[in-house]
Structures are given as C-alpha cells and as structure tokens.
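Counting from 452, one number per residue, gives the positions in the sequence shown under my numbering.
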Amino acid sequence: MKIRKTLESVTPYVAGKTKAGAVKLSSNENPLGPSPRALAAISREMNHLHRYPDGRSSLLIQALAEHFSLSSDCFIAGNGSDEIFALIAGTYLEEGQEVVTADSTFSEYNFSGLLFGGHVKKVPLVKGRFDPDGLLNAITEKTSLVFIANPNNPTGTFLSCSEIKSFMDRLPDSVILVLDEAYAEFAGHRDFCSGRDMVMDYPNLLVTRTFSKIYGLAGLRLGYAMGHPDLVQEIFRSKQAFNVNLLAQKAGAEALKDDEFIRKTLKLCSDGKEYLYKALEENGFFFYPSEANFICIKVDRDSKEVFDSFLDQGMAIRPLASFGMNEWIRYTIGTEEQNREFIRLLKTLKE
Ligand SMILES: Cc1ncc(COP(=O)(O)O)c(C=O)c1O
C-alpha cells in the first residue's frame with residue numbers, strides 16, 4: 452500500500468516519555484488537576500451521553516463570546532487546539548503552498564502544514580524569541596499561513612503588543628497569521644496583549660486558545676479559534692459534524708467561570724517562578740524568563756541524558772533535542788514540593 456507522498460516526511464507524534472510512579476512535569480499540564488467547576492459539569496452531563504453533541508458547540512461558543520466580549524460568529528471550537536490547526540490548514544492551505552513558522556516551536560504547526568501537502572519554512576528564533584522580520588522575509592507569493600506561538604513553547608518568550616500589530620500591518624492580506632495563545636492566560640508582562648483585541652481590525656488574523664493548560668483539561672481535548680467572522684465561518688467547512696464531545700462542551704463553558712481555580716493556578720505558577728528563577732540564578736543556570744507555565748533551561752549537556760537521569764529518580768521533564776535545542780530542557784512549573792525536588796535534581800548536574 453502506498454501512502455500519500457506528502458506523508459513520507461511525517462512521523463507519528465511521540466508524546467513525552469514517562470514511567471509509572473514518576474511525577475510528570477513534561478507537558479505543561481496544570482499541577483492542581485482539572486477545574487472543579489468543569490468536573491461538576493461533567494458529572495451532571497453523564498446521563499446524556501446517549502445523545503449526539505451539538506455540532507456547532509453553540510452553548511460553549513456563547514460562553515466564549517461573553518467571556519471575550521465578541522460576537523459568537525467569531526468563534527469555532529475543536530477537539531483540542533491541535534484539531535483547530537489542522538482545520539485551519541485544511542481550509543486555507545492548497546497543496547504546494549507554504550507555511551512559515553519558527554524552528555524551535557510547537558510541532559503541530561509543522562504537522563498541519565505537511566498533512567495538507569504544504570511546504571513548511573522554519574525561521575530561526577532570535578534569543579529564544581520569534582523573529583518577526585525573519586518571518587516576513589520568508590514569506591513569498593506562495594505563502595498561505597504563518598504560525599506564531601505567543602508565548603512560545605518551549606522558550607516561554609513572547610512578542611509584544613506593538614510587535615504583533617506591526618507584524619500584522621506588514622503581512623500581505625492574502626496570508627493568515629495563526630497566533631497560538633495556548634499559554635496567554637499565564638502571561639502577566641505589561642507589554643503582552645492578546646490578539647483578541649486585534650481580530651476585528653485584521654480579517655487575516657486567527658487567535659487560538661486551549662482548555663488544556665490553565666483550565667487543567669488536557670485529557671478532555673478542547674480548544675478554539677477566534678477571528679473575524681468572515682474568516683472563522685469558512686473554517687466550519689472543514690469541520691467534522693460532531694468534532695467536540697458533549698462533556699467537553701459543557702465542561703469548557705463552566706471552566707471559563709472558574710475564577711477561584713484560575714486564581715489558585717496563577718498564584719501557584721507565579722510563586723513557583725519566583726522560587727525557581729532565584730534557585731536557577733544561584734546555581735548558575737541560564738534560562739529564558741517565561742510568560743508561560745514552564746521554564747526553558749540550558750543544562751549544557753545532552754538533554755536526553757538529563758531526562759533519563761531525572762526519570763530514574765522519579766521525575767519526567769522535557770528534553771528539547773526534538774526542538775533543535777539539544778542542551779536545553781523544559782520544566783513545567785509544579786507544586787512547591789515538586790519545584791524543590793526539581794532544583795535538587797538540577798544541582799546534581801553541577802556536582
Ligand atoms: C503552543 C501550544 N499550542 C497548542 C498546544 C496544544 O493544545 P491542545 O491540547 O488544545 O491541543 C500546546 C500543547 O502543549 C502548545 O504547547
């Protein structure tokens with residue numbers, strides 16, 4: 452059997468390795484677990500599982516519209532933002548067209564591009580940040596999509612409000628920017644702003660978000676895109692009839708209102724960062740200040756070896772070799788106890 456030519460360069464996704472009993476701090480999940488309001492909604496909804504879900508996720512989309520003060524036709528929901536990226540590529544990317552993104556960033560942009568026969572151009576990060584000028588220089592008349600993670604995974608760096616605006620002003624109208632804000636809720640820097648404030652001004656901007664991180668619902672699979680209705684409504688053409696399951700729709704709408712849980716999550720993350728930054732500096736580790744719920748740290752040795760050694764001692768972190776950053780690791784900020792244990796393990800590298 453012959454697979455499609457474009458898939459010859461695609462290898463199936465390999466999730467971060469872990470082992471039974473190890474603490475998993477490798478996938479930027481919420482160390483506090485799922486949003487309690489989401490869990491209560493799931494329990495209430497169980498008896499309706501014999502019914503198909505609403506194919507347009509209307510109630511969830513209404514809740515998102517209220518949350519962001521945009522009209523409901525600005526939103527589309529998906530089975531994780533991973534599905535949203537594929538839906539966007541499936542809607543706009545013609546075979547042979549180009550996708551532009553960075554070299555060290557989230558791998559699903561590459562996957563979505565290749566899946567639909569696109570050619571993916573990867574522009575190097577500069578000091579761990581997306582390089583707006585480099586991305587613009589890489590754009591040709593064949594370019595259809597640009598993906599920027601803001602903040603970026605795995606570096607945790609961000610592009611400022613004015614950088615994104617200036618990028619949009621220079622981006623050809625025929626090219627769509629997909630601004631992936633999977634970690635935006637964690638970003639506290641005063642120069643950070645969400646693309647939400649720009650979607651009505653730029654009809655070639657799509658902003659994506661997820662319930663996997665701050666809301667602690669990675670296992671449920673729920674993400675969404677927001678953008679100008681002219682753009683978003685086109686994406687519905689690529690969507691399968693019932694792409695978001697019933698439990699995810701109900702849980703997502705409730706999670707949006709879980710202010711107490713969000714407050715606790717943000718506090719844990721900022722306290723953790725304060726402790727970790729200090730400990731990393733004291734122990735001479737270079738890292739990128741992060742606007743997300745993880746930290747990217749230079750370990751000056753093969754990250755795979757560090758990964759194996761930490762896993763043997765009961766902690767899974769993410770080695771960044773597959774991101775082209777072989778001497779770096781990414782650590783998801785955990786509980787106070789987990790952060791202390793991580794620093795203890797890191798210190799052993801200097802012994
Ligand atoms: C930058 C970025 N975007 C999107 C995702 C995936 O989100 P989802 O779980 O909604 O598919 C991740 C997950 O790690 C991520 O790091």
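Virtual Cβ for every residue (Gly too), placed ideally from N, Cα, C.
Using only CA atoms, which one of the options lies nearest to residue i?
i: Pro602; options: Arg621, Leu576, Lys593; result: Leu576
i: Ala839; options: Ser611, Val629, Asp652; result: Past the boundaries of the shown model lies residue 839; the chain is included only from 452 to 802, so the question cannot be answered.
i: Leu511; options: Thr799, Leu697, Arg714, Phe774; result: Leu697
i: Met776; options: Leu565, Glu545, Lys468, Pro605; result: Pro605
i: Glu496; options: Asp620, Ala702, Ala635, Thr591; result: Ala702
i: Gly785; options: Val695, Pro504, Ala767, Ser760; result: Ala767
i: Val757; options: Leu673, Met649, Glu778; result: Glu778
i: Ser508; options: Ser460, Glu559, Pro482, Cys525; result: Cys525
i: Ser625; options: Leu771, Asp533, Pro482, Glu549; result: Glu549
i: Gly528; options: Ala692, Lys715, Arg791, Ala743; result: Residue identity differs from the one stated: residue 528 is Ala in this sequence, not Gly. The candidate whose alpha carbon is nearest that of Ala528 is Ala692.
i: Lys664; options: Asn655, Ala635, Phe643; result: Ala635
i: Arg647; options: Val750, Glu545, Leu596, Ala516; result: Ala516
i: His640; options: Pro623, Phe609, Gly472; result: Phe609
i: Tyr739; options: Asp554, Gly607, Gly506; result: Gly607
i: Ala466; options: Phe557, Leu565, His679; result: Phe557
i: Tyr820; options: Arg769, Gly564, Lys470, Arg621; result: Given a span of 452 to 802 for the chain in the structure shown, any question on residue 820 remains unanswerable.
i: Leu630; options: Pro583, Ala491, Asp709; result: Pro583
i: Asp751; options: Arg791, Ala491, Lys798, Ser520; result: Lys798
i: Gly816; options: Gly723, Ala553, Val461, Ala471; result: Residue coverage of the chain in this structure runs from 452 to 802, which leaves residue 816 outside it and unanswerable.
Please confirm whether any heavy atom of ligand 1 lies closer than 8 Å to the CB of residue i.
i: Thr608; result: no
i: Tyr634; result: yes
i: Asn603; result: yes
i: Gly674; result: yes
i: Asp554; result: no
i: Gly568; result: no
i: Glu725; result: no
i: Ser401; result: It is not possible to answer for residue 401, since the shown part of the chain is limited to 452 through 802.
i: Gly435; result: The structure shown does not extend to residue 435, since the chain is modelled only from 452 through 802, so no value can be given for it.
i: Ser563; result: no
i: Phe643; result: no
i: Asp681; result: no
i: Lys664; result: yes
i: Thr661; result: yes
i: Glu742; result: no
i: Phe758; result: no
i: Phe557; result: yes
i: Ala702; result: no
i: Ser595; result: no
i: Ala600; result: yes
i: Ser508; result: no
i: Asn696; result: no
i: Asp631; result: yes
i: Ala466; result: no
i: Asn479; result: yes
i: Ala669; result: yes
i: Glu802; result: no
Please say whether residue j and residue i have beta carbons closer to each other than 9 Å?
i: Ala669; j: Ser486; result: no
i: Val551; j: Phe598; result: yes
i: Arg781; j: Cys747; result: yes
i: Ala489; j: Glu725; result: no
i: Arg660; j: Glu685; result: no
i: Thr457; j: Phe567; result: yes
i: Met649; j: Lys616; result: yes
i: Phe745; j: Thr716; result: no
i: Ile535; j: Ala676; result: yes
i: Phe793; j: Leu719; result: no
i: Gly579; j: Ser595; result: no
i: Leu483; j: Gly667; result: yes
i: Gly506; j: Asn694; result: yes
i: Leu771; j: Ser760; result: no
i: Phe643; j: Glu742; result: yes
i: Leu682; j: Ile627; result: yes
i: Pro680; j: Ser522; result: yes
i: Leu673; j: Gln700; result: yes
i: Leu800; j: Ala473; result: no
i: Glu559; j: Ser532; result: yes
i: Val574; j: Gly585; result: yes
i: Thr591; j: Ser689; result: no
#### Entry: alpha helix (DSSP H) runs contained entirely in the segment 540-597, provided each spans 4 or more residues
559-566, 583-589
### Message
Please give the ranges of any beta strand (DSSP E) in the segment 702-776, keeping only runs that are unbroken, at least 3 residues long and fully inside the region.
### Response
745-749
### Message
Give the list of continuous alpha helix (DSSP H) stretches no shorter than 4 residues that lie fully inside the segment 596-681.
### Response
612-621
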